[in-house]
Every structure is written in C-alpha cells, then in structure tokens.
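In numbering that gives the first Met the number 0, the protein residues as written are 0 to 414. For each residue, glycine too, the CB sits at the ideal point set by N, CA and C.
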Amino acid sequence: MVRAMENFSAAKSGLLGKLVDTFSNFDTVSLFARRADLEADHHASLEHTRETLFRARQIGLALRTVTVWLEGVIMVGIVGYGIWLWSQGGATIGLVSAAVALSLRITTMAEWILEAVWRIFEQVGAIREALHTIAQPLAIPYDGDAPALRVTAGEITVNGARHHYGKGQGGLMGVDLRIAPGEKVGLVGPSGAGKSTLVNLFLRFYEPENGVIRIDGQDIRAVDPESLRRAIGMVSQQAALLNRSVRENLTIGQADLTQDRIEAAAREARAHDFICGLKDSQGRTGYDAHVGERGVKLSGGQRQRIALARVMLKDAPILILDEATSALDSEVEAEIQVELKRVMRDKTVIAIAHRLSTIAEMDRIVVLDQGRIVESGTHQALLAAGNLYATLWNRQSGGFIGSDARTEQAGLAGQ
Numbered sequence: 000m001v002r003a004m005e006n007f008s009a010a011k012s013g014l015l016g017k018l019v020d021t022f023s024n025f026d027t028v029s030l031f032a033r034r035a036d037l038e039a040d041h042h043a044s045l046e047h048t049r050e051t052l053f054r055a056r057q058i059g060l061a062l063r064t065v066t067v068w069l070e071g072v073i074m075v076g077i078v079g080y081g082i083w084l085w086s087q088g089g090a091t092i093g094l095v096s097a098a099v100a101l102s103l104r105i106t107t108m109a110e111w112i113l114e115a116v117w118r119i120f121e122q123v124g125a126i127r128e129a130l131h132t133i134a135q136p137l138a139i140p141y142d143g144d145a146p147a148l149r150v151t152a153g154e155i156t157v158n159g160a161r162h163h164y165g166k167g168q169g170g171l172m173g174v175d176l177r178i179a180p181g182e183k184v185g186l187v188g189p190s191g192a193g194k195s196t197l198v199n200l201f202l203r204f205y206e207p208e209n210g211v212i213r214i215d216g217q218d219i220r221a222v223d224p225e226s227l228r229r230a231i232g233m234v235s236q237q238a239a240l241l242n243r244s245v246r247e248n249l250t251i252g253q254a255d256l257t258q259d260r261i262e263a264a265a266r267e268a269r270a271h272d273f274i275c276g277l278k279d280s281q282g283r284t285g286y287d288a289h290v291g292e293r294g295v296k297l298s299g300g301q302r303q304r305i306a307l308a309r310v311m312l313k314d315a316p317i318l319i320l321d322e323a324t325s326a327l328d329s330e331v332e333a334e335i336q337v338e339l340k341r342v343m344r345d346k347t348v349i350a351i352a353h354r355l356s357t358i359a360e361m362d363r364i365v366v367l368d369q370g371r372i373v374e375s376g377t378h379q380a381l382l383a384a385g386n387l388y389a390t391l392w393n394r395q396s397g398g399f400i401g402s403d404a405r406t407e408q409a410g411l412a413g414q
C-alpha cells in the first residue's frame with residue numbers, strides 16, 4: 000500500500016511539474032509551435048498518473064472487500080450462534096440482541112479504522128516520496144562551533160583546487176591562483192571553462208575535491224560559512240529577488256540602514272528613478288512595492304540594478320561580479336561603471352565577463368580553459384602574447400566591439 004501511494008505521489012509530482020513548467024515557459028512553447036507534442040506528453044503523464052492511482056485504489060478496494068467479507072462472517076456467526084443458544088435455552092433474547100448490537104458497533108468501527116488506515120498509508124507514501132528529494136545528506140558539513148572569518152586584507156589563495164560535480168570530468172582540473180589584497184582580477188574563458196565553478200568554491204557552495212582555498216591565510220572550510228558569505232558581496236548575471244518589497248530586497252539582513260543610505264545606493268546603481276515609479280497590485284508604491292516571485296515584475300536590467308545597489312549597501316571587503324552588467328543597455332552600463340570603480344576601491348574584486356571590454360581595465364586577467372589556468376596578465380600583455388585571450392578578443396572585436404579595438408590590436412601587433 001505504501002509503495003503504491005509513493006508511486007502515485009511521484010507520478011502526480013511529475014505531472015504537476017510538467018504543467019507548471021509549460022505555463023512558466025508559455026512564450027517559448029508558443030514560439031516553437033510544439034503544442035501538439037506537449038499535449039501528447041501531458042496526456043501520457045496524465046495516463047501514467049491515473050494508472051498509479053488505479054493500482055493504489057485496487058489495493059484499497061481489495062482490503063475493503065476482505066474487511067466487508069469478514070464483517071459478514073462475524074455477523075452471520077454471531078446471529079446464528081445466538082439463535083442456536085436461545086433455542087437451547089442457553090441465552091435470553093435480550094442477550095442475543097445485545098450481542099448483535101455490539102457486533103454491529105464493532106463492524107462499524109472497523110470500517111472507520113480501515114478508512115483511517117487508508118489515509119495514513121496515503122500520507123506516508125507521499126511523505127516517503129518527498130523525503131527522497133528533500134532529506135538528502137548535507138554535501139557541505141556545518142560546524143556550529145567554527146570560528147568566524149576575519150578579513151584583514153582580502154588576500155585570496157587557491158592551491159590545487161579540483162572539482163568535477165561528481166562526473167569525473169569538467170569543472171576544475173587543478174587551479175593555483177593568488178589574488179593580492181585589493182587586486183582587481185578578471186576571469187575569462189570559453190563557456191564551461193570553470194569560471195563559475197571557481198566562484199562557487201570561493202562562496203563554499205561546493206567543496207573542492209582536492210586542494211585548499213584560503214582568505215587571509217584562513218582555510219575557508221574551517222570557518223563559519225555565514226561569516227564567509229558576509230565578507231563577500233556578489234552580483235550575478237541572473238539576479239534573483241525575494242517576493243518582498245524593494246526595500247527588503249535592498250537591505251537583506253541589514254536592519255540598521257537608513258532610508259537616505261538606501262536611496263543613495265539606489266541612485267548610484269541608477270535604480271532610484273524606476274523604483275519611485277513602481278506600484279504593485281496592493282497599491283504599495285516606491286520602495287514599499289513588492290517585486291513578485293524572483294522579481295518577475297521587473298525587467299532583467301531593473302533586477303540587476305537592484306542587485307548592484309544591494310551589494311553597494313553590503314559593502315563587503317571582497318566583491319564578485321558575475322556578468323554584473325550584462326542586462327543593462329550601454330548608456331546605463333557606462334554610468335554604473337563609474338560608480339563601480341568607486342565601490343571597488345580598496346576591495347579585492349573578482350569579475351567574470353564574456354564581454355571582454357568590461358574587464359580590460361582590470362589589474363590582471365586570468366584566462367581559464369578546460370578547468371585550468373592557461374594565461375594570466377594584463378590586457379595589453381595578453382593581447383601581445385597572441386594566445387587564447389587574444390583569439391577571444393579578436394572575435395569580439397571583429398563582430399561587436401568595433402574599430403577602436405581593432406586599431407588597438409593592430410598597434411600592439413606592430414610593437
């Protein structure tokens with residue numbers, strides 16, 4: 000019974016997941032005109048769910064049939080035996096009637112108990128199916144007694160870091176890197192080179208399979224993860240927001256921030272003007288307006304500007320920018336770059352970018368390929384070397400960046 004209900008719960012979850020996925024990506028479904036295929040897939044999932052429910056109900060029906068049969072046997076036996084005793088003078092008619100009434104009560108209670116047991120099995124099956132998903136062992140052990148990270152300068156060292164997501168390939172193949180205090184470093188490379196993996200290791204979202212990462216000489220595995228993440232401010236390409244007010248999204252965990260400071264950061268991120276024009280379905284406006292689940296009521300550029308303002312308010316000593324301005328138009332990006340340079344002053348900065356022009360002014364650029372560091376140096380030095388970075392730059396210069404970049408490359412080549 001439990002296994003049957005577990006199978007039904009899994010099938011139902013799969014069906015609901017497909018329906019939610021389809022409605023969430025309705026534009027994509029419509030764009031590729033695959034409605035008929037999706038309908039067939041949904042019908043197949045619905046049929047599978049119906050079959051698993053039918054099997055569970057069959058078990059329940061069989062159990063109920065056996066129970067009803069036993070109830071009938073008990074009633075016939077008690078009534079027949081009572082009549083026989085009465086005919087032999089061994090029992091009075093009142094005793095027989097009481098026995099029959101008691102047996103009716105017992106069988107009625109048996110039906111109620113059967114229904115309760117069915118409901119229990121139903122819920123146990125659903126819970127067991129859910130536990131397979133949510134009750135997983137922690138990949139990163141948490142030590143509540145670990146000391147807090149003390150950031151004194153912001154030096155980051157990586158020694159022999161390897162991580163493969165359990166697949167034995169991809170990820171990082173052994174990275175050695177030192178980022179000096181206050182140094183601005185850009186991470187570039189083809190897709191899948193290991194840039195985001197390295198950042199996730201810095202944040203301790205994953206543990207390296209081998210090697211060690213230190214901040215100011217402290218192994219990040221030996222410190223409190225909360226203190227580690229408090230010391231790092233990050234703006235990612237996909238800026239996710241909470242389904243709360245703009246103010247709450249800007250001041251996560253920082254209740255002591257004043258409205259003036261919040262608005263100042265929003266202005267620096269070029270977000271104040273559009274925030275003032277926000278209004279949600281409940282009539283809340285400005286910084287009190289709710290942004291919807293994951294910030295769905297805002298455009299990608301608006302979400303990214305709020306994320307930039309949020310990291311400015313956090314003012315952490317280490318800053319990670321993962322395509323932090325990818326959703327902004329050129330004019331707004333140029334304005335924000337000026338503010339970012341001010342914010343990055345005296346901080347250790349790691350920036351990931353596919354658009355190489357956004358990190359050309361970094362102190363150092365580290366090039367990754369297939370999980371390894373293949374180049375490291377300044378923008379001009381890497382162009383002059385003529386290796387992978389120069390190849391990536393030339394591709395972008397030819398198609399996107401324009402004549403200024405081609406002129407610079409030609410000048411460097413002639414030196």
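Please name the residue in the options whose C-alpha comes closest to that of residue i.
i, options, result
"A145", "H162, P224, D314", "P224"
"G79", "W117, D175, V99", "V99"
"I231", "A333, M311, A61, E46", "M311"
"K211", "R246, R229, D175", "Reading off the sequence shown, one finds Val at residue 211, where the question assumed Lys. If we check each option's Cα against that of V211, D175 comes out closest."
"L355", "A35, V337, Q369, N393", "N393"
"L240", "R161, S298, V95", "S298"
"N158", "R49, Q258, N248, M172", "M172"
"E154", "A238, K346, F25", "K346"
"Q301", "Q258, R341, V245", "V245"
"D40", "G13, G71, R149, V95", "G13"
"M343", "E262, M233, L94", "M233"
"H162", "G185, S190, V198", "V198"
"R229", "A55, T106, L318, I73", "L318"
"L381", "Q236, R269, G188, P207", "G188"
"E206", "S190, Y164, S235", "Y164"
"T66", "E208, A109, G170, R49", "A109"
"I105", "D368, H378, Q87, I77", "I77"
Within 10 Å of its beta-carbon, does residue i have 16 or more other beta-carbons around it, so buried, or fewer, so exposed?
i, result
"K278", "exposed"
"A43", "exposed"
"V75", "exposed"
"G385", "exposed"
"F22", "exposed"
"G357", "Strictly speaking, residue 357 in this sequence is Thr, with Gly absent from that position. The residue is buried, with at least 16 neighbouring Cβ atoms inside 10 Å."
"T406", "Caution applies to T406, whose pLDDT of 43 falls short of 50 and renders its modelled position unreliable; the model cannot decide the point."
"T64", "exposed"
"T91", "exposed"
"V150", "buried"
"N248", "buried"
"D403", "Confidence is the limiting factor: at D403 the pLDDT is only 45, short of 50, which leaves the residue's position unreliable, though a coordinate-based value still follows. That one is exposed."
"I261", "buried"
"F204", "exposed"
"V348", "buried"
Residue i to residue j, Cα distance in whole Å?
i, j, result
"G376", "A315", "26 Å"
"W68", "I112", "16 Å"
"W85", "W117", "39 Å"
"L387", "A254", "46 Å"
"E338", "A35", "50 Å"
"I82", "A97", "12 Å"
"G16", "L45", "12 Å"
"L320", "M361", "12 Å"
"C275", "G370", "44 Å"
"R243", "T250", "11 Å"
"A308", "F201", "22 Å"
"T324", "L227", "24 Å"
"D26", "E267", "34 Å"
"S8", "D328", "46 Å"
"D415", "K313", "Residue 415 is absent from the structure shown; the chain starts at 0 and stops at 414."
"S29", "E38", "13 Å"
"G122", "T51", "The sequence given here places Gln at residue 122; Gly does not occur at that position. When rounded, the distance between both Cα atoms is 15 Å."
"T48", "K11", "6 Å"
"R341", "V373", "30 Å"
Counting only beta-carbon separations shorter than 9 Å, does residue i have a partner in chain C?
i, result
"R344", "Here there is only one protein chain, and chain C is not present."
Unbroken beta strand (DSSP E) runs of length 3 or more, entirely within the region 182-229: which are they? Runs of the beta strand (DSSP E) spanning 3 or more residues and lying entirely within the region 182-229 occur at 183-187, 209-214, in chain order.
Okay, do the region 175-189 and the region 218-235 touch, 3+ Cβ pairs below 8 Å being the bar? No contact exists between the region 175-189 and the region 218-235.
Spell out a yes or no on whether the region 283-294 and the region 332-339 are touching, meaning 3 or more CB-CB pairs, one atom from each, closer than 8 Å. Contact fails: fewer than three Cβ-Cβ distances are below 8 Å.
If you pair each beta-carbon of the region 188-204 with each one of the region 266-284, do three or more pairs fall below 8 Å? Using a Cβ-Cβ distance cut-off of 8 Å, the region 188-204 and the region 266-284 are not in contact, since fewer than three pairs of beta carbons, one from each stretch, lie closer than that value.
Between the region 0-19 and the region 55-68, do three or more beta carbon pairs fall short of 8 Å? Taking 8 Å as the limit for Cβ pairs, the verdict is that the region 55-68 does touch the region 0-19.
Going residue by residue through the region 84-115, where are the continuous alpha helix (DSSP H) segments of at least 4 residues, counting only ones entirely within it? The qualifying runs do not exist here; there are none.
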